[in-house]
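Structure first, then comments.
In the working numbering, the protein residues as written are 1 to 133.
See below:
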């Protein structure tokens with residue numbers, strides 16, 4: 001019997017947090033829509049003032065987003081990605097320059113090769129259609 005009450009409390013807590021999460025999403029969406037409409041409506045006000053108010057509204061909506069379940073997961077993903085980026089061994093400047101030169105050389109060779117193949121196909125099609133030769 002006690003387990004049924006525990007399950008009911010757990011489900012009620014889950015439903016409550018889900019409801020709160022949905023309210024937060026609705027608030028974020030409403031803030032974005034309100035911001036766009038207000039920006040259009042108050043187009044006669046200085047652009048700098050509208051940009052400042054828009055930035056504050058965006059940061060407020062972003063903070064509400066990061067308090068949702070999806071926002072918490074996104075923040076955890078961002079933190080994990082930052083940790084992985086710190087683990088990466090980045091190439092040195094000479095290595096980067098060497099690889100860039102190799103890419104440029106391969107690009108030039110490939111472009112010339114494709115140009116030759118294109119010219120060959122142009123001549124073949126011209127011969128087959130009786131327009132070249």
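From the three backbone atoms N, C-alpha and C, an ideal C-beta is built for every residue, glycine too.
Residue 28 vs residue 74 beta-carbon contact at 8 Å
Your numbering for residue 28 matches position 28 in the chain shown. Your numbering for residue 74 matches position 74 in the chain shown. No; because the gap between Cβ atoms is not below 8 Å, this pair is not in contact.
The segment 42 to 50 contacting the segment 81 to 100, beta-carbon criterion three pairs below 8 Å
no
Quick test of your reading: residue 24 and residue 64, contact by CB under 8 Å. State the CB separation rounded to the nearest angstrom.
Against the chain shown, residue 24 aligns to sequence position 24. Against the chain shown, residue 64 aligns to sequence position 64. That belief holds up - the Cβ atoms of residue 24 and residue 64 are roughly 6 Å apart, short of 8 Å.
Spatial neighbours of residue 72 within its chain, please: CB distance less than 8 Å, with the 5 preceding and 5 following residues excluded, ordered by chain position.
Here the question's residue 72 lines up with position 72 in the chain shown. Excluding residues within five positions, the ones whose Cβ falls inside 8 Å are 66.
In whole angstroms, what is the alpha-carbon distance linking residue 103 and residue 113?
Locating residue 103 in the chain shown gives position 103, counting from the first residue. Locating residue 113 in the chain shown gives position 113, counting from the first residue. When rounded, the distance between both Cα atoms is 15 Å.
Rounded C-beta distance between residue 31 and residue 57? I'm assuming under 8 Å.
Your numbering for residue 31 matches position 31 in the chain shown. Your numbering for residue 57 matches position 57 in the chain shown. Yes, residue 31 and residue 57 are in contact; Cβ-Cβ is about 6 Å, under 8 Å.
Selection from 38, 110, 126, 70 that minimises the alpha carbon distance to residue 20
Here residue 20 refers to the residue found at position 20 when the chain shown is read from its first residue. Checking every option, the nearest Cα to that of residue 20 belongs to 70.
Taking only three categories from DSSP, how would you classify residue 118?
Numbered from 1 along the chain shown, position 118 holds the residue referred to as residue 118. Helix.
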